[in-house]
Amino acid sequence: MPSPLYLAAVVALAGAITLALRAAPFVILSRLRSSDLVAYLGRHLPAGVMLILVVYLLRDLPVDRPLLTLRELVPVLVTIAVHLWRRNALLSMAAGTAVYAVALAVVPA
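Residue numbers for the sequence shown follow our numbering, beginning at 1 and rising by one.
Written as structure tokens, this is what we have:
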């Protein structure tokens, strides 16, 4: 069995590592807040992610079936309209999701 001094050293080292790992995000965040790169990404990344999601959603748009095309496009347009109207991302996503759910129920595939 290991000596009590060895066990105490192991516990102290584990405690120090745990403390360092818990403090590291706060130290890193304080440096990142003043970073120009993080500010740029904060401004432009949300719009880029939304654009990628819209392109992914509309990539298989059935253009040969106009009713199904409308079923997919109307919720996107409602989401855009609500966002431009209220500038609230949560509200616009909820409205678009609700319109899409209704469209799926009304217009079968």
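Backbone N, C-alpha and C fix where the C-beta goes; we use that ideal spot for every residue, glycine too.
Should T97 go down as buried or exposed, given a rule of 16 or more other Cβ atoms within 10 Å for buried? exposed
Pairwise C-alpha distance: S35 and S3: Between S3 and S35, the C-alpha separation is close to 48 angstroms.
Under three-state DSSP, which class holds D60? coil
Residue burial classification, A95 (beta-carbon count within 10 angstroms, cutoff 16): buried
Let's test the definition: count the other Cβ atoms within 10 Å of the Cβ of T18 and tell me whether it reaches 16, buried, or not, exposed. exposed
Should R71 and A103 be called a contact, given that it needs their Cβ atoms to be closer than 8 angstroms? Yes, they are a contact pair.
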